[in-house]
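Enquirer:
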Amino acid sequence: MAQDDDQALAIRLSREPPFLLGAVEVHPATRQVLRDGRSETLEPRIMQVLVAFAQAKGSILGHDELIDRCWDGRVVGDNAIHRAISKLRDLGLNFGHGTFEIETITKVGYRMSVREADGSLKPQVAEPLLDRSEGQQEWRASRRSMLGAGAAASVAGASGLGYLLLRPDPLDVRVADLVERSDEAIRNALPETDAQGVGFLEEAVALEPNSKLAWGRLAVARGIAAEHASPAEMAAAVAGTQDAARRALALDTRQADGLAALALLPPYYGDWL
43 MAQDDDQALA IRLSREPPFL LGAVEVHPAT RQVLRDGRSE TLEPRIMQVL
93 VAFAQAKGSI LGHDELIDRC WDGRVVGDNA IHRAISKLRD LGLNFGHGTF
143 EIETITKVGY RMSVREADGS LKPQVAEPLL DRSEGQQEWR ASRRSMLGAG
193 AAASVAGASG LGYLLLRPDP LDVRVADLVE RSDEAIRNAL PETDAQGVGF
243 LEEAVALEPN SKLAWGRLAV ARGIAAEHAS PAEMAAAVAG TQDAARRALA
293 LDTRQADGLA ALALLPPYYG DWL
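Numbering (this note's numbering), first residue to last: 43 to 315.
1. Quick check: the Cα distance between E226 and L243, rounded to an integer number of angstroms?
2. Is P86 buried or exposed, if buried means 16 or more other CB atoms sit within 10 Å of its CB?
3. Below 7 Å CB to CB, which residues in the same chain sit around A246 once its five sequence neighbours on both sides are set aside?
4. Assuming A305 and Q297 are in contact, meaning their beta carbons sit under 8 Å apart, how far apart are those beta carbons, in whole angstroms?
5. Measuring only the C-alpha atoms, how far is S155 from M89?
6. Are there 16 or more other CB atoms within 10 angstroms of the CB of A98, so buried, or fewer, so exposed?
7. Excluding five sequence neighbours on each side, which residues of the same chain lie with their C-beta closer than 6 Å to the C-beta of L76?
8. Sort L260, S81 and R111 by Cα distance to F95 and report the nearest one.
9. Between the alpha carbons of R259 and E275, how many angstroms are there, rounded?
10. Go through its chain and collect everything with a Cβ distance to T146's Cβ below 7 Å, but skip five positions before and after it.
11. Note down the Cα distance separating Y311 from E58, rounded to an integer number of angstroms.
12. Where do the N-terminal and C-terminal ends of the alpha helix (DSSP H) with I109 fall, by residue?
13. Comparing C-alpha positions only, which one of E82, G115, L62 and D120 sits nearest to V93?
14. Express the C-alpha separation of R131 and P251 in angstroms, rounding to a whole number.
15. Any idea which residues DSSP pairs G151 with across the strands?
16. Can you confirm whether Q284, when its beta carbon is compared against all beta carbons of chain D, has any partner nearer than 7 Å?
17. For the alpha helix (DSSP H) containing L291, name the first residue and the last one.
18. On the DSSP bridge list, what partners appear for R80?
19. Would you tell me roughly how many angstroms separate the C-alpha atoms of L320 and L133, rounded to the nearest one?
20. Run through DSSP, which three-state label would V117 get?
The structure is reproduced here in structure tokens:
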């Protein structure tokens, strides 16, 4: 019976879903870790140990548990475990730029922590990479924040210029108003209001086809709305995001929203994992 329990605990990489460790994407099935466009392939045993820590959710893992889960209960020396821990520490420090750390708890075992945005460490809780209900909500929220902050700054800038010249262009004011209304709609984080936000921006680019701001905002808004698309609609939704981004970048190769929309477009091609 004990042998059956060990087999149930053993980590099978082919069955493990992708997850996030801070800014690092972990794909157990392919043994890959990704960050900022970089990719590294881990040894199978090292990836198993990383998955074990991710599943521990901040709890301490002792030598025996690591052996049961990652070495199938076989007898291994401390050096094998120390080597795996050393490899993961190097991964977190160098590849992950300090995203996660593994702490030694003297005479007990090891514990993984993830670094917060403020630089503090917290007990690690892995986030599902492809979870539409939770993991993607955080991804989506970050883009909503970016969209709102950028739109507010752009509207404020347009208003300030108008007051400076004392003769604001009615068309510029109308485009700025549509951008602001789109931002307000998308902040509600509902499928119908996301679609409404896209509609405001489509009206803006129809009014002013040379507005790099409107095209850039439309790219980000379409990227957010694409997350509600059905599988049959996904390709067209992603293509719409890319088209708006490219139009913004054709007007200004450094247009921040267009660049961000392309960079933050979720990798729908990987959903088969």
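We put the CB at the ideal spot given by N, CA and C, even for glycine. Being a predicted model, the structure only gives us computed values, none of them experimental.
Expert: Taking the geometry as given:
1. Residue mapping note: residue 226 aligns to position 184 of the sequence shown, counting from 1. Residue mapping note: residue 243 aligns to position 201 of the sequence shown, counting from 1. Each residue's alpha carbon lies about 12 Å from the other.
2. What you label residue 86 is simply residue 44 of the sequence shown in a count that begins at 1. So P86 counts as exposed.
3. Here residue 246 is taken as the residue at index 204 of the sequence shown, counted from 1. Excluding residues within five positions, the ones whose Cβ falls inside 7 Å are V217, L220, V221, S253 and A256.
4. Taking the sequence shown and counting its residues from 1, the one referred to as residue 305 is at position 263. Taking the sequence shown and counting its residues from 1, the one referred to as residue 297 is at position 255. With 8 Å as the limit, A305 and Q297 do not qualify as a contact, their Cβ atoms being about 12 Å apart.
5. The sequence position of residue 155 within the sequence shown is 113, counting from 1. The sequence position of residue 89 within the sequence shown is 47, counting from 1. Cα to Cα, S155 sits roughly 17 Å from M89.
6. By 1-based counting over the sequence shown, the position of residue 98 is 56. So A98 ends up on the buried side.
7. Numbered from its first residue, the sequence shown carries residue 76 at position 34. Closer than 6 Å at Cβ, skipping near neighbours: E67.
8. Your numbering for residue 95 matches position 53 in the sequence shown. Selected option, being the one with the closest Cα: R111.
9. Mapped onto the sequence shown, residue 259 falls at position 217. Mapped onto the sequence shown, residue 275 falls at position 233. Using only the alpha carbons, I get a separation of about 21 Å.
10. The residue given as residue 146 occupies position 104 in the sequence shown. Within the same chain, T146 has close Cβ partners Y152.
11. Position 269 of the sequence shown, counting from 1, holds the residue named residue 311. Position 16 of the sequence shown, counting from 1, holds the residue named residue 58. With a pLDDT of 41 at Y311, under the threshold of 50, the modelled position of that residue is not reliable, and the figure given next carries that caveat. Answer to the nearest angstrom: the Cα atoms are 18 Å apart.
12. On the sequence shown, residue 109 is found 67 positions in, with the first residue counted as 1. Its alpha helix (DSSP H) spans residues H105 to C112.
13. Taking the sequence shown and counting its residues from 1, the one referred to as residue 93 is at position 51. The shortest C-alpha separation from V93 is found at L62.
14. Taking the sequence shown and counting its residues from 1, one reaches residue 251 at position 209. Taking the sequence shown and counting its residues from 1, one reaches residue 131 at position 89. Distance between the alpha carbons of P251 and R131 is about 50 Å.
15. The residue you call residue 151 lines up with position 109 of the sequence shown. G151 is bridged to I147.
16. Judged by its chain identifiers, the structure shown contains no chain D, having just a single protein chain.
17. For the purposes of this step, residue 291 is taken as the residue at position 249 of the sequence shown. Looking at the DSSP string, the run of the alpha helix (DSSP H) that includes L291 is P273 to L293.
18. One-based indexing of the sequence shown puts residue 80 at position 38. Answer is R77, bridged to R80.
19. One cannot answer for residue 320 here, as it falls past the ends of the chain, which runs 43 to 315.
20. The count along the sequence shown starts at 1 and reaches residue 117 at position 75. If DSSP states are grouped into helix, strand and coil, V117 belongs with coil.
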